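One structure below.
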Amino acid sequence: MDAPRLTVARARRLRRAMTPPELRLWSALRRRPEGRKFRRQHPLGPYVLDFYCDEARLGVEVDGLAHDLGSAPARDRMRDA
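First residue of the sequence shown: 3, per the working numbering; consecutive thereafter.
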């Protein structure tokens, strides 16, 4: 399977396994605040954004406890750069 398909498959898995903080934010974003449509677990290159608004070109990443463990801090720094 090529990289884009793997990223899309990963995004689908993440949509089914959203964390409690992601679920809380999604419950607000799905109401289209200020008329803006957000997508959840949106693939972008090799990454999957937790939420994305195309109109505003805005990506939102919800970092919870899992982002403090193991190699996650280094991966997050690379992603953010």
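Built from N, CA and C at the ideal position, the CB exists for glycine as well. In this text, all values refer to a predicted model and were calculated from it rather than measured experimentally.
Spatial distance of residue i from residue j (CA atoms)
i	j	result
A11	R42	14 Å
R59	R17	20 Å
F40	T21	17 Å
A5	S29	30 Å
R77	G37	33 Å
L27	A19	14 Å
G75	R33	First, the amino acid is wrong: residue 75 is Pro here, not Gly. Rounded to whole angstroms, P75 to R33 spans 31 Å at the Cα level.
D65	D82	12 Å
S73	D56	30 Å
L8	M80	19 Å
Counted within 10 angstroms of its Cβ, other Cβ atoms place residue i as buried (16 or more) or exposed
i	result
E24	buried
L51	buried
L31	buried
Bridge-paired residues (DSSP) for residue i
i	result
P45	V50
L60	C55
Residues of its chain near residue i, where Cβ-Cβ distance is below 6 Å and the 5 sequence neighbours each way are ignored
i	result
Y54	R41, H44 and G61
Test: residue i CB closer than 8 Å to a CB of chain C
i	result
R12	In the structure shown, chain C cannot be found, because there is only a single protein chain.
Cβ neighbours of residue i in the same chain (closer than 7 Å, five flanking residues each side left out)
i	result
E63	L51 and D52
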